[in-house]
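For the sequence shown, the positions run 1 to 177 when full-length UniProt numbering is used. Some notes on the structure that comes next.
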Amino acid sequence: MSIDVRVNQATRYPSQGLPPTRDQIVRHLRHASAVAERATLMGHHPFGAILVGPDQDRVLMEQGNVDTVNHAESVLARVAALNFTPEYLWGCTLYTTVEPCCMCAGTAYWANIGRVVFGMTEERLLEATGDHSENPTMSVASRYVYDHCQKAVDLIGPVAEVEEEVLRVQRAFWSKR
């Protein structure tokens with residue numbers, strides 16, 4: 001006889017708390033965009049991410065892109081997982097300039113970050129980069145990744161107020177490559 005034992009994920013991973021306001025979303029995405037622009041000054045691709053605490057105000061970490069396997073979001077999520085408890089991270093929000101690729105969405109999930117907010121879709125990124133060999137985008141929406149997870153990560157994006165700003169940074173960078 002087998003016994004079906006299931007953990008109630010709603011109990012184990014309660015609500016991510018109060019969602020950020022629209023003003024907080026826009027402010028934090030602009031901060032992530034500034035991190036992305038700073039990454040380009042160091043010779044890296046224009047992607048930036050920040051981690052905001054459960055109060056939806058305090059910035060805990062920021063990270064620019066490093067290279068093709070160390071994206072801003074995945075590096076940030078790995079470092080966050082080393083420095084904060086899973087329970088704490090579940091109430092945090094990762095803000096990123098561009099929709100997380102499947103690697104970054106998965107890393108944020110495994111780090112137990114409960115909310116992800118992005119400024120511009122991966123599809124719009126592809127429009128800006130074309131088939132550039134340095135950025136072979138994957139047409140896998142982060143929504144698809146999160147729809148196949150056991151925990152309900154709150155995904156917000158794209159955000160119209162910053163989408164064109166993020167696209168401008170991407171176009172400026174990739175037009176010179």
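Glycine included, every Cβ here is placed at the ideal spot set by N, Cα and C. Model, not experiment: these values are computed from the prediction.
{"query": "For GLN150, does the count of other Cβ atoms within 10 angstroms reach 16, so buried, or fall short, so exposed?", "result": "exposed"}
{"query": "May I have a chain-ordered list of the alpha helix (DSSP H) segments no shorter than 4 residues that lie completely inside the region 133-165?", "result": "142-147"}
{"query": "Figure out for me which residue from GLU161, PHE118 and THR97 has the closest Cα to the Cα of GLY64.", "result": "THR97"}
{"query": "Anyone know if the C-beta pair for ALA72 and VAL169 falls short of 8 Å?", "result": "no"}
{"query": "Note down, in chain order, each residue of its chain lying with its Cβ closer than 8 Å to the Cβ of ASP57, except the 5 sequence neighbours on either side.", "result": "GLN24"}
{"query": "Select from HIS44, ALA105, LEU18 and PRO20 the residue whose C-alpha is nearest the C-alpha of ASN174.", "result": "According to the sequence as given, residue 174 is Trp; it is not Asn. Selected option, being the one with the closest Cα: HIS44."}
{"query": "Could you have a look at VAL79 and say whether DSSP puts it in helix, strand or coil?", "result": "helix"}
{"query": "In chain order, which alpha helix (DSSP H) runs of at least 4 residues are fully inside the region 87-114?", "result": "102-111"}
{"query": "What separation, rounded to the nearest whole angstrom, lies between the Cα atoms of TYR88 and VAL75?", "result": "18 Å"}
{"query": "So what's ASP23 in DSSP terms, helix, strand or just coil?", "result": "helix"}
{"query": "Less than 8 Å separating the beta-carbons of GLN16 and ASP147?", "result": "no"}
{"query": "Just reading off the alpha helix (DSSP H) that LEU51 is part of, what are its end residues?", "result": "Premise fails: LEU51 lies in the beta strand (DSSP E), 48-52, not in any alpha helix (DSSP H)."}
{"query": "Short check: CB of CYS102 to CB of VAL69, under 8 Å?", "result": "no"}
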